[in-house]
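The next block holds one structure in the form of structure tokens; read it before the comments.
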Amino acid sequence: MSSILWLNINSFVWLDTFHLFYRHLGCLLSGATMNIHVEGIEWMYYPEIKSLMKPDSNLIWIIIMMVLTQLVAFYLVKDLDWKWVLFWAYVFGSCINHSMTLAIHEISHNFAFGHHKALRNRWFGMFANLPIGVPYSISFKRYHMDHHRYLGADGIDVDIPTDFEGWFFCTTFRKFLWVILQPLFYAFRPLLINPKPISHLEIINTVAQIIFDIIVYYVFGIKSLVYMLAASLLGLGLHPISGHFIAEHYMFLKGHETYSYYGPLNLLTFNVGYHNEHHDFPNVPGKNLPLVRKIAAEYYDNLPQYNSWVRVLYDFVMDDTISPYSRMKRHPKGKEVLE
145 MSSILWLNIN SFVWLDTFHL FYRHLGCLLS GATMNIHVEG IEWMYYPEIK SLMKPDSNLI
205 WIIIMMVLTQ LVAFYLVKDL DWKWVLFWAY VFGSCINHSM TLAIHEISHN FAFGHHKALR
265 NRWFGMFANL PIGVPYSISF KRYHMDHHRY LGADGIDVDI PTDFEGWFFC TTFRKFLWVI
325 LQPLFYAFRP LLINPKPISH LEIINTVAQI IFDIIVYYVF GIKSLVYMLA ASLLGLGLHP
385 ISGHFIAEHY MFLKGHETYS YYGPLNLLTF NVGYHNEHHD FPNVPGKNLP LVRKIAAEYY
445 DNLPQYNSWV RVLYDFVMDD TISPYSRMKR HPKGKEVLE
């Protein structure tokens, strides 16, 4: 277990250990070989897990159908009253668009076409990005790899809230507001914590997205454009699926950095709820993460876990001991070389 240097509900929890999960170390070394590398932990004790590290060809067709579904939705909402545009944006479009961000998460791990066709994954990620309305895919890939390699590292992992977020959003009402505004914090936090030079793929992603948004406006009208953008903003804010943002790494129990969720919303989110499994084996696509849990049940079944993301949101807002500060942080070990 990681060594906790100090704990204060008004500040982050700082650790003095490497970021990989030491909770399994004793069990692994007692009867297995463990190889640690930048992509995670390879458990030679379970060679069958290696067979799960392969692309998910179904991902391609699922994403194509999701994009087409939103195009149909653009047509259906274009003549509705504004109240119904916003209603369907929250009830339906938000689920599609939030699910699409997690499809992009899968693509960022090259699960669509495999690691040997990385550029094809980047192009497909831009395609999946289109119904979200805001350029996201390429930048997410760059920052998400940092999240896996340097989990909780100060100034590197932009999944960690800023000090301002922890200081200001500390009351029940302010935490409720913070949950609503989560998509904005996720969008702008990287620019403050760990800005990176803009890549040519990010420029292409942005230009393609702007062109698509203009086409939506001229073909379907302003209501369809608002539906698309509202679906993303609402779906990533106060929404049942958004419970995964908090459930994944916010420390509801002292000493536990990552938590899994095994409820039904995994069906809409490419099993992102299997988050301990995902961080242990980031080369296993979401489709196969339940098999990881089944194979290594003695490790995962006894870990703290959730069955409701809605309950996570409620507890986060209402519990006075939980805030954006409820995260583990680490000082970077030496000079990190980042993409």
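So the working numbering is basically just the index in the sequence shown, starting at one, shifted up by 144. For each residue, glycine too, the CB sits at the ideal point set by N, CA and C. Being a predicted model, the structure only gives us computed values, none of them experimental.
Report the partner residues of residue i according to the DSSP bridge assignment.
i, result
"Q449", "S404"
"A297", "R474"
Determine the burial state of residue i: buried for a count of at least 16 other Cβ atoms within 10 Å of its Cβ, exposed for fewer.
i, result
"G387", "buried"
"L274", "buried"
"T316", "exposed"
"Y469", "buried"
"H242", "buried"
"S238", "buried"
"V428", "buried"
"P476", "exposed"
"P426", "buried"
"S195", "exposed"
"K227", "exposed"
"I342", "exposed"
"A247", "buried"
"D424", "buried"
"F364", "buried"
"V436", "buried"
Would you grab the beta carbon distance between residue i and residue j for me? Rounded to a whole angstrom, and I think it's under 8 Å.
i, j, result
"V302", "S376", "19 Å between Cβ atoms; not a contact."
"M372", "M472", "Actually they do not touch by this definition, with Cβ atoms about 36 Å apart."
"Y450", "Y403", "6 Å"
"V211", "V221", "About 16 Å separates the two Cβ atoms, so there is no contact after all."
"L336", "T306", "6 Å"
"L433", "H422", "6 Å"
"N338", "I300", "6 Å"
Between the C-alpha atoms of residue i and residue j, what's the straight-line distance to the nearest angstrom?
i, j, result
"L151", "I282", "Here L151 scores only 44 on pLDDT, less than 50, and its place in the model should not be relied on; the value that follows carries that caveat. Approximately 36 Å, taken between the alpha carbons."
"A288", "H253", "Per the sequence shown, the amino acid found at residue 288 is His instead of Ala. Cα to Cα, the separation comes out at about 9 Å."
"F414", "G269", "15 Å"
"G379", "L325", "11 Å"
"F313", "A441", "37 Å"
"F218", "L263", "29 Å"
"T465", "L457", "14 Å"
"G296", "I385", "23 Å"
"F271", "W322", "30 Å"
"N420", "K198", "19 Å"
"V360", "K367", "10 Å"
"I251", "Y234", "25 Å"
"D459", "H260", "42 Å"
"N154", "W311", "7 Å"
"Q353", "N202", "24 Å"
"Y330", "A391", "16 Å"
"K438", "H400", "21 Å"
"L482", "V216", "Reliability fails at L482, whose pLDDT of 47 lies under 50, so the model's placement of it is uncertain and the value that follows must be treated cautiously. Computed Cα separation, rounded: 40 Å."
"K319", "E192", "43 Å"
"Y280", "I355", "15 Å"
"P408", "G417", "10 Å"
"H357", "L159", "The sequence as given places Asp at residue 357; His does not occur at that position. When rounded, the distance between both Cα atoms is 44 Å."
"E346", "F255", "20 Å"
"F332", "G381", "15 Å"
"W453", "P327", "17 Å"
"F389", "I206", "23 Å"
"H383", "P448", "23 Å"
Between residue i and chain B, is the shortest Cβ-Cβ distance under 8 Å, so that the two count as touching?
i, result
"H242", "Among the chains in the structure shown there is no chain B, since it carries only a single protein chain."
What are the start and end residues of each continuous alpha helix (DSSP H) run of 4 or more residues lying completely inside the region 229–305, in chain order?
238–252, 262–273, 281–293
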